[in-house]
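Chemist: Below you will find the structure I want to go over with you.
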Amino acid sequence: MNNAVTSWPEPVVRVRELSESGIRVIPDRYVKKPADRPEPGGGAEARLNIPVVDMVGLYSSDEGVRRRTAETIDVACREWGFFQVVNHGVSPELMRRSRQIWREFFELPLEEKLKYANTPRTYEGYGSRLGIEKGISLDWSDYFYLHYNPLRLRDPNKWPSLPVSCREAVEEYSEEAILLCEKLLKILSLNLGLPEDYLGRAFGGDDVGACMRVNYYPKCPQPELTLGLSSHSDPGGMTLLYPDENVAGLQVRHAGKWVTVKPAADAFIVNIGDQIQVLSNSTYKSVEHRVMVSSEKTRLSMAFFYNPLGDAVIKPAEELVSEESPAMYPATTFDEYRMYMRLKGTSGKSQVESLKSPR
Ligand code: OGA
Ligand code: NI
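Going by our numbering, the first residue of the sequence shown is number 5, and it counts up by one from there.
Written out as structure tokens, the structure reads:
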């Protein structure tokens, strides 16, 4: 990691406070190029949705049901890079309570939040931009980023002390999220024809990375001109997203169109990150997604990232490489990979594509 980059190149504007100031016109820095703006009506493919998986099916006594459930996940990973899971084992009460606590955090007075202001050195804490280059385009959101695993990176003193229940909730939520990620990673490994523990081991074995970004998307007076989060693919392993089912926002790129995700009640959205695309030699796709904002409602989402350790070397699984399908990516550590996004900010799929080995 480039330790020289310890501060932002210009003052950081906090989007909730900008929104609350009552402006009617958003600053130019948030106005996207016409081609990047959300379509009026909220998405070209209104009928489509990402596949829904009822996880109960994975543990059915009926072998056919188990197989079909696993197949639905496999097809979703190949064709969408995204699916949503219900009956996933995480307590809906815990999910809703956590969301409420984080909402309260973002709605605290600015000076309280600024105690946790982040820097581009580690990104941990309260932030309002990605990418350190001066003058880059900005997104209509604030966030809080924290490390949970490995243990040596976990520092609850860097998590909000207000609301008082926040730290405890982060821990409870993370423990349950990790159990679900472990289950899902096993299923993905088996679906790829690999040993059940393959992806888990590739991520680091007993000690894998887990971090969380809570995204707060304030109301925006001109939602048609901007995005809450620009198009990107997640750089890590796998993401477990608790979306805000009360406000549509997440869009996924599918067959060249933006599809607006319609979350099921208490569902998690699961998506493949760049590292699983590499490990699966592009069998599974890390797909671009973005977030629209609303003039009427704030939106809060919790993205839990289940990642390789920083020094884990990630490369296509030998079992998936052959003369007919050669390795599409060179070996890279996750730390090396992640540097790029932190310098440039969100930038579609350019990175994993640029990594492709020349053939
Ligand atoms: C992310 C992300 C989507 C959302 O945090 O990487 O894509 O709905 N979030 O907030
Ligand atoms: Ni994302």
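C-beta: ideal position from N, C-alpha, C; glycine also. Model, not experiment: these values are computed from the prediction.
(1) If I follow the unbroken alpha helix (DSSP H) through residue 99, where does it start and stop?
(2) Return the CA-CA distance between residue 189 and residue 204, expressed in angstroms with no decimal places.
(3) Looking only at its chain, what residues have a beta carbon closer than 8 Å to the beta carbon of residue 385, apart from the 5 residues adjacent to it on each side?
(4) Please confirm whether any heavy atom of ligand 1 lies closer than 7 Å to the CB of residue 217.
(5) Is it the case that the Cβ atoms of residue 183 and residue 112 are separated by a distance below 8 Å?
(6) Once you ignore the five residues that flank residue 5 on each side, which residues in its own chain have a CB closer than 7 Å to its CB?
(7) CA-CA distance, residue 201 and residue 213?
(8) When the Cα of residue 356 is compared with those of 129, 307, 25, 277, which residue comes out closest?
(9) Roughly how many whole angstroms lie between the Cα atoms of residue 62 and residue 275?
(10) Assuming residue 150 is part of the beta strand (DSSP E), what are its boundary residues?
(11) Run through the DSSP bridge pairs and tell me what residue 276 is partnered with.
(12) Would you say residue 304 and residue 273 are within 8 Å of each other, going by their C-beta atoms?
(13) Taking residue 306 as the reference, give the member of 59, 243, 58 with the closest Cα.
(14) If we call anything under 8 Å between Cβ atoms a contact, is residue 216 one with residue 42?
(15) Between which two residues does the beta strand (DSSP E) holding residue 202 run?
(16) If you drop the 5 nearest sequence neighbours on each side, which residues of the same chain put their C-beta closer than 8 Å to that of residue 121?
(17) Using DSSP with H/G/I as helix, E/B as strand and the rest coil, what is residue 304?
(18) How many Å lie between residue 280 and residue 315 at the Cα?
(19) In whole angstroms, give me the CA-to-CA distance for residue 72 and residue 79.
(20) Tell me whether the beta-carbon of residue 147 lies closer than 8 Å to the beta-carbon of residue 219.
(21) Leaving aside the five residues before and after residue 169 along the sequence, list all residues of the same chain whose C-beta is less than 7 Å from its C-beta, in chain order.
(22) Pick helix, strand or coil for residue 123, following the three-state DSSP scheme.
(23) Who are residue 296's beta bridge partners in DSSP?
(24) Let me confirm a value: residue 19 is counted as buried when at least 16 other C-beta atoms fall within 10 Å, else exposed. Which label applies?
(25) Which residue wins for smallest C-alpha separation from residue 330, given the options 283, 313, 75, 142?
(26) Using only the heavy atoms of ligand 2, determine whether one of them is closer than 7 Å to the beta carbon of residue 410.
(27) Please determine, among 99, 325, 241, 252, the residue with the shortest C-alpha to C-alpha distance to residue 178.
(28) Using 7 Å as the cut-off, classify the Cβ of residue 293 as near or not near the heavy atoms of ligand 2, replying yes or no.
(29) Is residue 283 near ligand 1, judged by its Cβ being under 7 Å from some heavy atom?
(30) Short of 6 Å in beta carbon distance, which residues of its chain neighbour residue 206, apart from the five on each side in sequence? Order them along the chain.
(31) Considering only the beta carbon of each residue, do residue 209 and residue 312 sit closer than 8 Å?
(32) In terms of residue numbering, what span does the alpha helix (DSSP H) encompassing residue 261 cover?
(33) Could you check whether the Cβ of residue 247 sits closer than 7 Å to any heavy atom belonging to ligand 1?
(34) Pick helix, strand or coil for residue 287, following the three-state DSSP scheme.
(35) Which stretch, first to last residue, makes up the alpha helix (DSSP H) that contains residue 189?
(36) Given this structure, state the Cα-to-Cα distance separating residue 137 from residue 149, to the nearest angstrom.
Modeler: Inspection of the coordinates gives the following:
(1) Counting from one through the sequence shown, the residue named residue 99 turns up at place 95. Residues 96-110.
(2) Here residue 189 corresponds to residue number 185 of the sequence shown, with the count starting at 1. Here residue 204 corresponds to residue number 200 of the sequence shown, with the count starting at 1. Answer to the nearest angstrom: the Cα atoms are 7 Å apart.
(3) Residue 385 is absent from the model: the chain starts at 5 and stops at 363.
(4) Residue mapping note: residue 217 aligns to position 213 of the sequence shown, counting from 1. It does: the Cβ of residue 217 is within 7 Å (strictly closer) of some heavy atom of ligand 1.
(5) The residue labelled residue 183 in the question sits at position 179 within the sequence shown. The residue labelled residue 112 in the question sits at position 108 within the sequence shown. In this structure, residue 112 does not lie closer than 8 Å to residue 183 by Cβ.
(6) Counting from one through the sequence shown, the residue named residue 5 turns up at place 1. Below a pLDDT of 50, predicted positions are generally treated as unreliable, and residue 5, at 45, falls in that range; the measurement from the model is reported next regardless. Taken in chain order, the residues that qualify are 339, 343.
(7) One-based indexing of the sequence shown puts residue 201 at position 197. One-based indexing of the sequence shown puts residue 213 at position 209. When rounded, the distance between both Cα atoms is 16 Å.
(8) By 1-based counting over the sequence shown, the position of residue 356 is 352. Minimum Cα-Cα distance from residue 356 among the listed residues 129, 307, 25, 277 corresponds to 277.
(9) Against the sequence shown, residue 62 aligns to sequence position 58. Against the sequence shown, residue 275 aligns to sequence position 271. Answer to the nearest angstrom: the Cα atoms are 18 Å apart.
(10) Here residue 150 refers to the residue found at position 146 of the sequence shown. 146-153 is the extent of the beta strand (DSSP E) around residue 150.
(11) Counting from 1 along the sequence shown, the entry for residue 276 is found at position 272. Bridge partners of residue 276: 242.
(12) If you number the sequence shown from 1, residue 304 lands on position 300. If you number the sequence shown from 1, residue 273 lands on position 269. Cβ atoms of residue 304 and residue 273: not closer than 8 Å.
(13) As a first step, residue 306 is located in the sequence shown; it is residue number 302 there, counting from the start. Per the Cα distances, 243.
(14) As a working mapping, residue 216 is identified with position 212 in the sequence shown. As a working mapping, residue 42 is identified with position 38 in the sequence shown. The answer is no: Cβ separation not under 8 Å.
(15) Here the question's residue 202 lines up with position 198 in the sequence shown. First-last for residue 202: 202-207, but that is the alpha helix (DSSP H), not the beta strand (DSSP E).
(16) Taking the first residue of the sequence shown as 1, we reach residue 121 at position 117. If we look at residue 121 and ignore the five residues flanking it on each side, its Cβ neighbours are 16, 129, 130, 131.
(17) Taking the first residue of the sequence shown as position 1, residue 304 is located at position 300. DSSP places residue 304 in strand when its eight states are reduced to three.
(18) The residue you call residue 280 lines up with position 276 of the sequence shown. The residue you call residue 315 lines up with position 311 of the sequence shown. Their backbone Cα atoms lie some 16 Å apart in a straight line.
(19) Along the sequence shown, read from residue 1 onward, the residue named residue 72 stands at position 68. Along the sequence shown, read from residue 1 onward, the residue named residue 79 stands at position 75. The straight-line gap from Cα to Cα measures roughly 10 Å.
(20) As a first step, residue 147 must be located in the sequence shown, where it is residue number 143. As a first step, residue 219 must be located in the sequence shown, where it is residue number 215. Yes, Cβ-Cβ distance for residue 147 and residue 219 is below 8 Å.
(21) The residue labelled residue 169 in the question sits at position 165 within the sequence shown. Only 105 meet the Cβ criterion.
(22) Position 119 of the sequence shown, counting from 1, holds the residue named residue 123. Coil.
(23) As a first step, residue 296 is located in the sequence shown; it is residue number 292 there, counting from the start. The partner list for residue 296 (beta bridge, DSSP) is empty, contrary to what the question assumes.
(24) Counting from one through the sequence shown, the residue named residue 19 turns up at place 15. Buried is the call here.
(25) Taking the sequence shown and counting its residues from 1, the one referred to as residue 330 is at position 326. It is 283.
(26) Outside the shown range of the chain (5 to 363) lies residue 410, about which nothing can therefore be said.
(27) Walking along the sequence shown from the start, residue 178 turns up at place 174. Nearest option by C-alpha distance: 99.
(28) The residue you call residue 293 lines up with position 289 of the sequence shown. At least one heavy atom of ligand 2 is nearer than 7 Å to the Cβ of residue 293, so yes.
(29) As a working mapping, residue 283 is identified with position 279 in the sequence shown. Answer for residue 283: no, Cβ out of range of ligand 1.
(30) Indexing the sequence shown from 1 puts residue 206 at position 202. So the qualifying residues of the chain are 283.
(31) As a working mapping, residue 209 is identified with position 205 in the sequence shown. As a working mapping, residue 312 is identified with position 308 in the sequence shown. Going by C-beta atoms, residue 209 is not nearer than 8 Å to residue 312.
(32) Numbered from 1 along the sequence shown, position 257 holds the residue referred to as residue 261. No alpha helix (DSSP H) holds residue 261; the beta strand (DSSP E) holding it covers 261-264.
(33) Translated into the one-based positions of the sequence shown, residue 247 becomes position 243. Correct: residue 247 has its Cβ closer than 7 Å to ligand 1.
(34) Translated into the one-based positions of the sequence shown, residue 287 becomes position 283. Residue 287 falls in the coil class under three-state DSSP.
(35) On the sequence shown, position 185 is the one that residue 189 refers to. Per DSSP, residue 189 belongs to the alpha helix (DSSP H) from 170-195.
(36) Working through the sequence shown from its first residue, we reach residue 137 at position 133. Working through the sequence shown from its first residue, we reach residue 149 at position 145. Taking the straight line from one Cα to the other gives about 20 Å.
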